[in-house]
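Numbering (the UniProt record's numbering), first residue to last: 1 to 419.
Even for Gly, the Cβ is constructed at its ideal location relative to N, Cα and C.
Everything numeric in this text was worked out from a predicted model, so none of it was measured.
Remarks on the structure that follows.
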Amino acid sequence: MNTKEIFDIYDSEHSLFSDNSIKEFEYVEFPPINTTNLNTTGNKEIVIQQQDLITFPSDAYLYFEGELTKSDGTDIAAADYEKVSLINNSMMYLFERMTYLINGNVVEDIDRPGQTTSMLGMFKYSIPQSSSNGLSMSWLPDIDYNANESNNSMVLRSRFKKFSFNVPLDHIFGFMEDYKKVLYGVQQTFRLKRLVNHESLQVMKGENKTDFKLSLSKMSLFIPVIKPSLETEIKLYDQIDKKKILKILFRGRNTQTFIPAANSTNLSWNLQNTTGTPRYIVIGMQKNNLFSKSNFSNLELKKILVEINTRRYPNHDIEIDYPEEKYSRIFKQSYDFKKNFYDTDEPPSFSYITFKSLYPIYVIDISKYDDRTRVSNMDIQIKATFNSAPGTGVEVFATLLSDIELSLHSSDRRFNLIS
1 MNTKEIFDIY DSEHSLFSDN SIKEFEYVEF PPINTTNLNT TGNKEIVIQQ
51 QDLITFPSDA YLYFEGELTK SDGTDIAAAD YEKVSLINNS MMYLFERMTY
101 LINGNVVEDI DRPGQTTSML GMFKYSIPQS SSNGLSMSWL PDIDYNANES
151 NNSMVLRSRF KKFSFNVPLD HIFGFMEDYK KVLYGVQQTF RLKRLVNHES
201 LQVMKGENKT DFKLSLSKMS LFIPVIKPSL ETEIKLYDQI DKKKILKILF
251 RGRNTQTFIP AANSTNLSWN LQNTTGTPRY IVIGMQKNNL FSKSNFSNLE
301 LKKILVEINT RRYPNHDIEI DYPEEKYSRI FKQSYDFKKN FYDTDEPPSF
351 SYITFKSLYP IYVIDISKYD DRTRVSNMDI QIKATFNSAP GTGVEVFATL
401 LSDIELSLHS SDRRFNLIS
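Put into structure tokens, the structure is as follows:
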């Protein structure tokens, strides 16, 4: 962490602070308002009421404790351990929606956080990271050619019948991924809409997911609370007292879902551009016969593109024929996204082989769309063609990654969100 920068919330040209600008840096726990119903469906809210706290949300994480048992609550026998496992990224599949609010206003709303973070996580993380500290956040993707009970990742995950995981907020929210400064003078709320547990589990053939259950015994937010030195505190408050408009820029995430016609080889889907200026669209598809909900299906896709107000991306068709092993160009298009978006030369977590079998995640770059004055009227349409009709039980996920600008107006050492 660069302590010279995190307090400089207005991005002044010259740093005001030295490396001793922090007097205390401590993770503080904030549990949900109601801790007795962690395993029921519905919203669970975590609220940071104290507006005089100086927090550093980009380093915050959600902490989970729990266990896997039989459906009646009894322990799973050691001989049966390999019958059931947590899937990769399992904690995110416990929720239908995760929302971050400032002063009661929605900053970022993540629908289907399981699929959203599974798609983006395959780009964000590299394989060495996944195999070292990834398991502490329930991140250990399948890296064998197929997802089944014999792959190494499932064998490792099946050992966790009791667990504790730390899931960083920058794994979930684009705001935390991009805003690397302190927040002060605001109320922060995390609204987590709970689902049933079965999507977080995978079982061996012949077993039934409903014979097992995942139960959380604890869920809390841990967020850094900072006490600056006296000199730094005076300078920070001086910035706020000037009643400047604080601009916050980040790349927000908005996921939408679609169920295509079962008997058609063509897909046409209009997306809603709800906020910000879209730059990339990340697309994944799943069929209900998948071994794990953290993996995706290629469905013998033949062509995929995005049209914005009749202009298409990419401009020319990219040939895809999975049975004939013709998918190198669409693979490269996805592979290159990590370098462009995360500014790193590290490879993503999928290989050429596993892209076809486990992680066919498509990225359409629309960042060069040249009519930004009409963002609110953008007609965004995904079009795809399959070699054969996909059948029933198919769901398509599209995550728009958009440039978002928020404005906070300071008044009496408090901030109001004005856009």
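> Among all the DSSP beta bridges, which residues are the ones paired with tyrosine 327?
Replying inline: In DSSP, tyrosine 327 forms no bridge with anything.
> Does the region 158-175 touch the region 380-396, meaning 3 or more C-beta pairs lie closer than 8 Å?
Replying inline: no
>> Taking a contact to mean a Cβ-Cβ separation below 8 Å, would you say tyrosine 280 touches isoleucine 404 in this structure?
In response: no
> Out of curiosity, what's the CA-to-CA distance linking tyrosine 93 and isoleucine 22?
Replying inline: 37 Å
>> I'd like to know if the region 178-194 and the region 79-93 are in contact, where contact means that at least 3 CB-CB pairs between them fall below 8 Å.
In response: no
> How many Å lie between valine 394 and glutamine 187 at the Cα?
Replying inline: One C-alpha to the other measures close to 40 Å.
>> Out of Glu231, Lys218 and His316, which one is the CA nearest neighbour of lysine 44?
In response: The shortest C-alpha separation from lysine 44 is found at Lys218.
>> Looking at the strands, I want to know which residues DSSP matches up with residue 432.
In response: Missing from the structure shown is residue 432; the chain here goes from 1 to 419 and no further.
>> Once the 5 residues before and after threonine 373 are set aside, which same chain residues still bring their CB inside 7 Å of it?
In response: Per-residue confidence for threonine 373 stands at a pLDDT of 48, beneath the threshold of 50, marking its modelled position as unreliable; the derived number appears in the next sentence. None.
> Which whole-angstrom value is the C-beta distance of threonine 275 and asparagine 254, which I expect to be below 8 Å?
Replying inline: 7 Å
>> What residue range does the alpha helix (DSSP H) around leucine 230 cover?
In response: 230-241
>> On the DSSP bridge list, what partners appear for aspartate 111?
In response: The secondary-structure analysis by DSSP pairs aspartate 111 across a beta bridge with Arg97.
> Residue range of the beta strand (DSSP E) that tyrosine 63 falls in?
Replying inline: 61-70
>> In the DSSP output, what is tryptophan 269 paired with across the bridge?
In response: Ile382
>> Measuring straight from C-alpha to C-alpha, what distance separates glutamine 239 and tryptophan 269?
In response: Whole-angstrom Cα-Cα distance: 46 Å.
> Tell me which same chain residues have a C-beta within less than 7 Å of the C-beta of leucine 53, skipping the five on either side of it?
Replying inline: Val225
> According to DSSP, which residues form a beta bridge with valine 225?
Replying inline: Glu26 and Thr55
> Is histidine 14 buried or exposed, if buried means 16 or more other CB atoms sit within 10 Å of its CB?
Replying inline: Any reading at histidine 14 is ruled out, since the residue's pLDDT is 43, under 50, leaving its predicted position unreliable.
> Three-state secondary structure (DSSP) at lysine 193?
Replying inline: strand
> For the putative contact between arginine 413 and aspartate 211, defined by C-beta atoms under 8 Å, what is the C-beta separation to the nearest angstrom?
Replying inline: Incorrect: roughly 55 Å between the Cβ atoms, too far for contact.
> phenylalanine 350 lies in the alpha helix (DSSP H); which residues open and close that run?
Replying inline: Run containing phenylalanine 350: none; DSSP gives neither H nor E here.
>> Can you tell me whether threonine 373 is helix, strand or coil according to DSSP?
In response: With a pLDDT of 48 at threonine 373, under the threshold of 50, the predicted position of this residue should be treated as unreliable, though the coordinate-derived value follows. Threonine 373: helix per DSSP, three-state reduction.
> Based on the DSSP secondary-structure assignment, which residues constitute the bridge partners of histidine 409?
Replying inline: Ile245 and Asn416
> By Cβ distance below 6 Å, which residues in the same chain neighbour glycine 284 in space, the five residues on each side in sequence not counted?
Replying inline: Met119, Phe296, Ile361 and Phe397
> DSSP on leucine 216, reduced to helix/strand/coil?
Replying inline: strand
> Under 8 Å, do leucine 214 and glycine 66 count as touching if we go by C-beta distance?
Replying inline: yes
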